[in-house]
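Visitor: Okay, handing you the structure first.
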Amino acid sequence: MSSTWRRRSAIIRRAISTPWGRVPWPCAPCRGCVRGIYRDEEQTMQVSVASVTDKGRVRPSNEDSHYVSGQGGLFIVCDGMGGHSAGEVASRVCCETIVAHSGRLEQAREVYANSRNLQDLRALQTAVVTVLQLASNEIFRQASRDAAQAGMGTTCTMLLLAGNHKAIMGHVGDSRLYLSRGEGVHRLSEDHTFVADLLRRHAITRKQAENHPQGNVLTRAMGVQSSATVDTMVFDLDEGDTLFLCSDGVYNYFPEDQELGPLLAQDVQRAAEQTVHLALERGGHDNCTAIVIRVDAFERGEAQPKINAEQRIRATRGIPLFAHLSYNEAARVVGMAQVVHLPANTTLLREGQPGHEFFVMLTGQIELRRSGQLVTMLEPGAT
966 MSSTWRRRSA
976 IIRRAISTPW
986 GRVPWPCAPC
996 RGCVRGIYRD
1006 EEQTMQVSVA
1016 SVTDKGRVRP
1026 SNEDSHYVSG
1036 QGGLFIVCDG
1046 MGGHSAGEVA
1056 SRVCCETIVA
1066 HSGRLEQARE
1076 VYANSRNLQD
1086 LRALQTAVVT
1096 VLQLASNEIF
1106 RQASRDAAQA
1116 GMGTTCTMLL
1126 LAGNHKAIMG
1136 HVGDSRLYLS
1146 RGEGVHRLSE
1156 DHTFVADLLR
1166 RHAITRKQAE
1176 NHPQGNVLTR
1186 AMGVQSSATV
1196 DTMVFDLDEG
1206 DTLFLCSDGV
1216 YNYFPEDQEL
1226 GPLLAQDVQR
1236 AAEQTVHLAL
1246 ERGGHDNCTA
1256 IVIRVDAFER
1266 GEAQPKINAE
1276 QRIRATRGIP
1286 LFAHLSYNEA
1296 ARVVGMAQVV
1306 HLPANTTLLR
1316 EGQPGHEFFV
1326 MLTGQIELRR
1336 SGQLVTMLEP
1346 GAT
């Protein structure tokens, strides 16, 4: 059998090639809006960013730290823990160390920009893990030589804009990354807490989780050991997407993720201010930090058809093999896939030859032939 595309198109090739931007450390001002523009050979990506942090109504100091580089596409939220201001030290060291080693990310991203292949995308994903491991080690090293800082640690949720419409999350702890797209708000990170683990195992109900006595116990943190187990996720971006990083001092006051939708639909500055303001208004028992990133626009070449991430996720979830995936899980699958446009009459597979790739048809038609005879025409959604 052979399979042939019936619609003419072109292979998508996009990548970021601008140098990294820098902002002073710590981020100044805490309440500010940044606009970043990413340029490459075939597209311009424009993002707007705003961040707000507040110590809250109860805590004497702010142990959250954050970093925003609009031009560099790097965003970090850390929530420190430890007595005698050690949490503040841990979160600050985490951000500083990631920024100090951001050249590793820049180098890996440049390689991916030039090749645009999955192998180099995975290498960039690995670089994210490496940089977070270095940060965890540095926190642990400092805590080991100062008794006042012994046991200090921090959460860390990091977002890197990778180019080619992709972003990479690095995550340890219970700060969060949300994606607001269309009418839905999707939590991309998973909390590394004892209660969250119980929920994932269906050992307790959500109602029981709300007032669980061990609700704040972390199962993973940066700096508690010399290395940390890092969650990563590669996912695709669409125009109009809003990304929201925040500490638990914010999201604890929004028990339903969808409640964030109307707030994140505002301009980024107002969205950041309003989420923190409402958290303070509803109690403000912890430090509050929020970063809001809006993908304003992609400019595409006229020859490139628009098949956005949402369409690819829907197509993936429509396949029986992936029918029971959550939105988050389907986004992970799509994030590590490539969209390839093939000219009409291209032979995709030949009868008798083994295949080494998994294809999902998004648009067009495919002829399925056996011994040269037409068997059927495959439509979008076929695999």
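Just so you know, we're using the numbering used here here: the sequence shown kicks off at 966 and counts up by one. All C-beta atoms, glycine included, are put in the ideal place defined by N, C-alpha and C.
Look up Leu1039 in the DSSP assignment and give the residues it is bridged to.
Guide: Working through the sequence shown from its first residue, we reach residue 1039 at position 74. Answer is Ser1034 and Leu1125, bridged to Leu1039.
Visitor: Applying the criterion that 16 or more other CB atoms from any shown protein chain within 10 Å of the CB defines a buried residue, is Pro1149 buried or exposed?
Guide: Counting from 1 along the sequence shown, the entry for residue 1149 is found at position 184. Reading off the sequence, residue 1149 comes out as Gly, not Pro. Under this definition Gly1149 is an exposed residue.
Visitor: Cutting at 6 angstroms between CB atoms, please list the residues of its own chain near Ala1274, excluding the five before and the five after it.
Guide: As a first step, residue 1274 is located in the sequence shown; it is residue number 309 there, counting from the start. The beta carbon of Ala1274 sits closer than 6 angstroms to those of Asp1201 and Asp1203, all from its chain and outside the five residues before and after it, given in chain order.
Visitor: Spatial neighbours of Glu1175 within its chain, please: CB distance less than 8 angstroms, with the 5 preceding and 5 following residues excluded, ordered by chain position.
Guide: Working through the sequence shown from its first residue, we reach residue 1175 at position 210. If we look at Glu1175 and ignore the five residues flanking it on each side, its Cβ neighbours are Pro1220.
Visitor: Tell me whether Gly1045 sits in a helix, a strand or coil according to DSSP, three-state version.
Guide: Along the sequence shown, one-based indexing puts residue 1045 at 80. It is a strand residue.
Visitor: When the distance is taken between beta carbons, is Arg1081 closer than 8 angstroms to Asn1129?
Guide: Along the sequence shown, read from residue 1 onward, the residue named residue 1129 stands at position 164. Along the sequence shown, read from residue 1 onward, the residue named residue 1081 stands at position 116. The answer is yes: Cβ separation under 8 angstroms.
Visitor: Thinking just about the alpha-carbon of each residue, which of Tyr1032, Phe1040, Ala1100 and Arg1087 is nearest to the one in Leu1208?
Guide: Residue numbering aside, residue 1208 sits at position 243 when the sequence shown is read from its first letter. The residue among Tyr1032, Phe1040, Ala1100 and Arg1087 with its C-alpha nearest the C-alpha of Leu1208 is Phe1040.
Visitor: On the premise that Asn1293 lies in contact with His1136, defined as a C-beta separation below 8 angstroms, what is that separation, rounded to the nearest angstrom?
Guide: Here residue 1136 refers to the residue found at position 171 of the sequence shown. Here residue 1293 refers to the residue found at position 328 of the sequence shown. About 12 angstroms separates the two Cβ atoms, so there is no contact after all.
Visitor: Leaving out five residues before and five after Ala1262 in sequence, what residues of the same chain have Cβ atoms less than 7 angstroms from its Cβ?
Guide: Here residue 1262 refers to the residue found at position 297 of the sequence shown. Contacts found: Gln1011 and Glu1204.
Visitor: Compare the beta carbon distance of Asp1044 and Thr1091 with 8 angstroms and say whether it is the shorter of the two.
Guide: Locating residue 1044 in the sequence shown gives position 79, where the first residue counts as 1. Locating residue 1091 in the sequence shown gives position 126, where the first residue counts as 1. For Asp1044 and Thr1091, no; Cβs fall outside 8 angstroms.
Visitor: Looking only at its chain, what residues have a beta carbon closer than 7 angstroms to the beta carbon of Leu1144, apart from the 5 residues adjacent to it on each side?
Guide: One-based indexing of the sequence shown puts residue 1144 at position 179. Excluding sequence neighbours, Leu1144 sits near His1151, Leu1153, Asp1206 and Leu1208.
Visitor: Quick one: residues in its chain with C-beta nearer than 6 angstroms to the C-beta of Ser1140, no 5 flanking neighbours on either side, listed in chain order?
Guide: Counting from 1 along the sequence shown, the entry for residue 1140 is found at position 175. Val1042, Asp1044, Thr1120, Thr1122 and Ser1212, listed in sequence order.
Visitor: Is it buried or exposed, Val1064, if we count other Cβ atoms within 10 angstroms and call 16 or more buried?
Guide: On the sequence shown, position 99 is the one that residue 1064 refers to. Only buried fits Val1064, as 16 or more other CB atoms lie within 10 angstroms of its CB.
Visitor: Taking the alpha-carbon positions, what's the Gly1266 to Gly1346 distance?
Guide: Counting from 1 along the sequence shown, the entry for residue 1266 is found at position 301. Counting from 1 along the sequence shown, the entry for residue 1346 is found at position 381. Reliability of the predicted coordinates at Gly1266 is poor, the pLDDT of 48 falling under 50, and the value obtained from them is presented with this limitation in mind. So the alpha carbons of these two residues sit roughly 25 angstroms apart.
Visitor: Using beta-carbon positions only, say whether Arg1074 and Ala1127 come within less than 8 angstroms of one another.
Guide: Walking along the sequence shown from the start, residue 1074 turns up at place 109. Walking along the sequence shown from the start, residue 1127 turns up at place 162. Contact flag set, yes.
Visitor: Can you tell me which of the three DSSP states Glu1332 falls into?
Guide: Position 367 of the sequence shown, counting from 1, holds the residue named residue 1332. Three-state result, Glu1332: strand.
Visitor: Please report the Cβ distance between Val1325 and Ile1284, rounded to the nearest whole angstrom; I am assuming they are in contact, meaning their Cβ atoms lie under 8 angstroms.
Guide: Mapped onto the sequence shown, residue 1325 falls at position 360. Mapped onto the sequence shown, residue 1284 falls at position 319. Indeed, because the Cβ distance is near 7 angstroms, the residues count as touching under 8 angstroms.
Visitor: If you drop the 5 nearest sequence neighbours on each side, which residues of the same chain put their C-beta closer than 8 angstroms to that of Arg1297?
Guide: Here residue 1297 refers to the residue found at position 332 of the sequence shown. Excluding residues within five positions, the ones whose Cβ falls inside 8 angstroms are Met1198, Val1199 and Phe1200.
Visitor: Taking the alpha helix (DSSP H) that His1242 belongs to, which residues open and close that run?
Guide: Taking the first residue of the sequence shown as 1, we reach residue 1242 at position 277. Here the alpha helix (DSSP H) through His1242 covers Val1233 to Glu1246.
Visitor: For Val1096, tell me which candidate among Met1187, Ala1295 and Thr1158 has the shortest Cα-Cα distance.
Guide: For the purposes of this step, residue 1096 is taken as the residue at position 131 of the sequence shown. When only C-alpha atoms are compared, the closest one is Met1187.
Visitor: In the DSSP assignment, find the unbroken beta strand (DSSP E) run with Asp1196 in it and report its ends.
Guide: As a working mapping, residue 1196 is identified with position 231 in the sequence shown. First-last of the beta strand (DSSP E) with Asp1196: Asp1196 to Asp1201.
Visitor: Residues in its own chain within less than 7 angstroms of Val988 by CB, not counting five upstream and five downstream?
Guide: If you number the sequence shown from 1, residue 988 lands on position 23. Caution applies to Val988, whose pLDDT of 33 falls short of 50 and renders its modelled position unreliable; the value that the coordinates give is listed next. Here the set comprises Val1033 and Ser1034.
Visitor: Beta-carbon within less than 6 angstroms of Thr1254's beta-carbon, same chain only, minus the 5 sequence neighbours each way: which residues are those?
Guide: Position 289 of the sequence shown holds residue 1254. Result list for Thr1254: Thr1018, Asp1029, His1031, Val1042 and Ser1212, in chain order.
Visitor: Would you call the CB atoms of Ala1051 and Met1117 closer than 8 angstroms?
Guide: In the sequence shown, residue 1051 corresponds to position 86, counting from 1. In the sequence shown, residue 1117 corresponds to position 152, counting from 1. In contact: Ala1051 and Met1117 (Cβ atoms closer than 8 angstroms).
Visitor: Let me make sure I understand the geometry here. Which of Gly1147, Gln1072 and Glu1332 has the alpha-carbon closest to that of Pro1227?
Guide: Here residue 1227 refers to the residue found at position 262 when the sequence shown is read from its first residue. Minimum Cα distance to Pro1227 is reached at Gly1147.
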